[in-house]
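Engineer: The structure's right below; bear with me while I get my questions together.
Numbering (my numbering), first residue to last: -3 to 281.
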């Protein structure tokens, strides 16, 4: 047992703590990652640069992040809840549809990105052909109007299966006798959802909202494939990646962005978790 614990702790230290500390140290330097380039301690200059006109679009990326996180969280949970209600029964059709919804999770991010780029290619895609019937030829992922909604759609599509599965699991834990009592009281289907189902699913809502918020906060890979952070999709995760590994190759400044992203994630996740847990206690009391 102790050997297993020691191995687990060792992996956590090597792949968790050490990289985190190294990233924090690098954020106080001008390290570029290029051989032969001198590295010097720069103090808080990287962090100061983020909040000045010299920064790499940090303030604008916060707005993009807010739009992305809110869009993903709301859409993913609304559609996930609706699908869970429709597919909760273990019929052959329901089981097949659940597999189809869950399938995108097992696909790699690169595969997902390429599929959606092909679907919305502005010249020879099904989407271009459809909109061409109406004389409209939008740029899709190269458009300031279309890029963010499409990136949100792809993020939701890939992770919707998890959200649906959590809600289905929660629905199956609600005793049938509760619904029978509600029917005897003459409640409408909407009242049954708002007064019975919704309160009893509070723990599942907490899980799905937190996963959606935290997951979309740190997302960068799918955005990198679809838009490279351009056209209003430059979230904090994308900004950190491009700053560290883009044309500037400024790992020190990129590390500072990741630290700022970590602070933002903690500042959002902890109060949100406390609020959702308080909501659970209130509804289930």
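Don't be surprised by glycine CBs; every beta carbon is placed ideally from N, CA and C.
Please read all numbers here as calculations on a predicted model, not as lab measurements.
1) So what does DSSP say about residue 25, is it helix, strand or coil?
2) On the three-state DSSP scale, how would you describe residue 158?
3) What is the rounded straight-line gap between the Cα of residue 130 and the Cα of residue 55?
4) What do you get for residue 96, buried or exposed, if any count of 16 or more other CB atoms within 10 angstroms of its CB means buried?
5) Looking at residue 103: is its Cβ nearer than 8 Å to the Cβ of residue 94?
6) What do you reckon, are the CB atoms on residue 42 and residue 252 nearer than 8 Å?
7) Nearest by alpha-carbon distance to residue 72: which of 273, 149, 278, 234 is it?
8) Of all the options 178, 45, 171, which has the alpha carbon lying nearest to the alpha carbon of residue 197?
9) When DSSP labels each residue in this structure, what does residue 127 get in the three-state scheme?
10) Pull up the CB-CB distance for residue 276 and residue 215, whole angstroms please, since I reckon it's below 8 Å.
11) Under three-state DSSP, which class holds residue 237?
12) Would you please state the rounded distance, in angstroms, between the beta carbons of residue 340 and residue 22? I believe it to be under 8 Å.
13) I'd like the span of the alpha helix (DSSP H) that includes residue 173, first residue to last.
14) What's the C-alpha gap between residue -2 and residue 242?
15) My understanding is that residue 250 touches residue 261, with C-beta atoms under 8 Å, so please give their C-beta distance in whole angstroms.
16) Considering only residues of the same chain and omitting the five flanking positions on each side of residue 118, which have a CB-CB separation below 6 Å?
17) Going straight from the alpha carbon of residue 126 to that of residue 219, what length do you get?
18) Beta-carbon within less than 8 Å of residue 257's beta-carbon, same chain only, minus the 5 sequence neighbours each way: which residues are those?
19) CB residue 157 to CB residue 101, shorter than 8 Å?
20) Any idea if residue 36 is buried or exposed, counting beta-carbon neighbours within 10 angstroms, 16 or more meaning buried?
21) Starting from the N-terminal side, write out each stretch of the alpha helix (DSSP H) that is 4 residues or longer and does not extend beyond the stretch 16 to 99.
22) In or out: residue 80 buried (at least 16 other Cβ within 10 Å) or exposed?
23) Select from 267, 259, 272, 205 the residue whose C-alpha is nearest the C-alpha of residue 16.
24) Would you call residue 162 buried or exposed, if buried means 16 or more other Cβ atoms sit within 10 Å of its Cβ?
25) Ordered along the chain, which non-local residues of its own chain (more than five positions away) have a Cβ less than 7 Å from that of residue 30?
26) Candidates 181, 206, 92, 154: which alpha carbon is nearest residue 105's?
Structural biologist: A quick look at the data gives this:
1) strand
2) helix
3) Looking at the two C-alpha atoms, the distance is approximately 38 Å.
4) Counting the other CB atoms within 10 Å of its CB gives residue 96 a total below 16, which places it among the exposed residues.
5) no
6) yes
7) 149
8) 171
9) helix
10) The beta-carbon distance between residue 276 and residue 215, rounded to whole angstroms, is 26 Å. This is too long to meet the 8 Å contact definition.
11) helix
12) Limits of the chain in this structure are -3 at one end and 281 at the other, which puts residue 340 out of reach.
13) Element bounds for residue 173: 172 to 180.
14) 44 Å
15) Their Cβ separation, rounded to whole angstroms, is 16 Å, which puts residue 250 and residue 261 out of contact at 8 Å.
16) Shown here for residue 118: same chain residues with a beta carbon closer than 6 Å to its own, the five before and five after excluded, namely 124, 135, 136 in chain order.
17) 24 Å
18) Here the set comprises 213, 214, 232, 233, 236.
19) yes
20) Flag for residue 36 reads exposed.
21) 41 to 46, 54 to 83, 88 to 98
22) buried
23) 259
24) buried
25) 245, listed in sequence order.
26) 154
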